[in-house]
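Worksheet for the structure shown next.
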Amino acid sequence: MRLPETTLPAEIYYDKKGTQEYIENSRIQQLQYSLAERCIEISEKTEGVALDIGCGPGTSSQALIENDFLTIGLDISKDMLDVFDGTKVLCDMGNGLPFLPGSFDLIISVSAVQWLFESYRKEDLPIKRIKKFFKDLYTIIKRDGKIVLQFYCNPKQTEILKKEALNAGFYGGLIIDGKSKNTKTYLLLQCVKIRNENEEKEKRKDKFRNKK
C-alpha cells in the first residue's frame, strides 16, 4: 500500500472525500491523539501557546487544548481545516511559517514532516523546503520553548532532518518508541543562545545524539 505522501500533494489527497475518510477512521483518530499526547509528554511543557503543524481536522490539536495549551492549528488542506473547530491557519509548512518571532512555547507535528521530502511540482525542492522549515521554527519558538516532531521517515531522511535542525541552531535528539514496524520516532528540539557561532555549533554537534 502506497503512503499518502507518495501519491498526491496533501491539499489534493485530503480533499472533501479524503478528509471524510480520514475523520471516519477511528483507528487513525485514536493514534493521532495518542501521538500528540506523547509529544506533549516528551516536551515536558505544561502550559503556554502551542502550534500544531499539520493539524488536519484537529485531532492532535485537541490533545493540546485538553492539556491547557492555547492552540493554533496549521495545515495545507482547506478541507481538513474546514472541519477543524479552533484557531487555524491555511499554510504550506515548507513555504514559510507566518508567525512573529518567539510566538510559541511549544510546537508539535504529528505524522506530517515526511511530506517535506516529496516533490510534486518543478519548484518543489525538498532540501530547500526543509531548510526553510527549520529556519522558521527557530524564529517562531521562544528561547525556552520546545519542539517535538513525530514523523515517518527512512534513516537517510531522518539524518537530513537532524542535520538541518542543527544547522538552523537547534540542539536535541531522537526519541524512539517501540520496535520493528511499530516504531514511532520523535525529534525533540530546543534553542540555544549563540555566543560564538563556531564554538556553539561544535557544542550542539556533541549534544545532538540519539536518546532511546
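All letters in the sequence shown, in the order written, are residues 1 to 212 by UniProt numbering.
Just so you know, even glycine gets a beta-carbon here, dropped at the ideal spot from N, CA and C.
Do you know whose CA, among Glu24, Ala36, Ile28, lies nearest Ile147's CA? Here residue 147 refers to the residue found at position 147 when the sequence shown is read from its first residue. For Ile147, the nearest C-alpha among the options comes from Ala36.
Please classify Asp85: is it buried, with 16 or more other beta-carbons within 10 angstroms of its beta-carbon, or exposed? As a first step, residue 85 must be located in the sequence shown, where it is residue number 85. Asp85 comes out exposed.
Taking only beta-carbon positions, decide if Asp136 is within less than 8 Å of chain D. Protein chains in the displayed structure number just one, and chain D is not present.
Would you mind stating whether Leu64 and Ile42 have Cβ atoms separated by less than 8 Å? Position 64 of the sequence shown holds residue 64. Position 42 of the sequence shown holds residue 42. No; because the gap between Cβ atoms is not below 8 Å, this pair is not in contact.
To which residues of the same chain is Ser60 closer than 6 Å at the C-beta, ignoring the five residues directly before and after it? As a working note, residue 60 is residue 60 in the sequence shown. Gln32, Ala36, Asp52, Val110.
Can you give the Cα-Cα distance for Glu44 and Asp136, rounded to whole angstroms? Taking the first residue of the sequence shown as 1, we reach residue 44 at position 44. Taking the first residue of the sequence shown as 1, we reach residue 136 at position 136. Here the alpha carbon of Glu44 sits roughly 22 Å from the alpha carbon of Asp136.
Could you give the distance in angstroms between the alpha-carbon of Arg27 and the alpha-carbon of Asp177? Locating residue 27 in the sequence shown gives position 27, where the first residue counts as 1. Locating residue 177 in the sequence shown gives position 177, where the first residue counts as 1. For Arg27 and Asp177, the distance between alpha carbons rounds to 19 Å.
Straight-line Cα distance separating Ile23 from Leu97: Numbered from its first residue, the sequence shown carries residue 97 at position 97. Numbered from its first residue, the sequence shown carries residue 23 at position 23. Going from the Cα of Leu97 to the Cα of Ile23 covers about 25 Å.
Chain-order list of residues whose beta-carbon lies under 8 Å from that of Ser119 (same chain, five-residue window excluded): Numbered from 1 along the sequence shown, position 119 holds the residue referred to as residue 119. Cβ neighbours of Ser119 beyond the five flanking positions: Leu125, Pro126.
Quick check on this structure: which residue in Thr158, Thr139, Ser77 has the alpha carbon closest to the alpha carbon of Lys184? Looking up residue 184 in the sequence shown gives position 184. Per the Cα distances, Thr158.
Would you kindly report the start and end of the unbroken alpha helix (DSSP H) that includes Thr87? Along the sequence shown, one-based indexing puts residue 87 at 87. Where Thr87 is concerned, there is no enclosing alpha helix (DSSP H), although the beta strand (DSSP E) it sits in stretches over 87 to 90.
Cα-Cα separation between Lys78 and Glu11, rounded to whole angstroms: Within the sequence shown, numbered from 1, the residue matching residue 78 stands at position 78. Within the sequence shown, numbered from 1, the residue matching residue 11 stands at position 11. Each residue's alpha carbon lies about 7 Å from the other.
Buried or exposed (CB count within 10 angstroms, at least 16 for buried), Lys17: As a first step, residue 17 must be located in the sequence shown, where it is residue number 17. Lys17 is exposed by the Cβ-count criterion.
Determine, using beta carbons only, whether Gly58 and Gly73 come nearer to each other than 8 Å. Stepping through the sequence shown from its first residue, residue 58 is reached at position 58. Stepping through the sequence shown from its first residue, residue 73 is reached at position 73. Cβ atoms of Gly58 and Gly73: closer than 8 Å.
With a threshold of 6 Å on Cβ separation, who are the neighbours of Lys88 within its own chain once the five nearest residues in sequence on each side are excluded? Reading the sequence shown from its first residue, position 88 is the one you call residue 88. Once the five neighbours on either side are set aside, the close Cβ partners of Lys88 are Gly73, Leu81.
C-beta contact flag for Ile141 and Cys191 at 8 Å: Locating residue 141 in the sequence shown gives position 141, where the first residue counts as 1. Locating residue 191 in the sequence shown gives position 191, where the first residue counts as 1. Annotated as proximal: Ile141 and Cys191, with beta-carbon spacing under 8 Å.
Counting only runs that start and end within the region 122 to 155, where is the alpha helix (DSSP H) found for 4 or more residues in a row? Correct list: 126 to 140.
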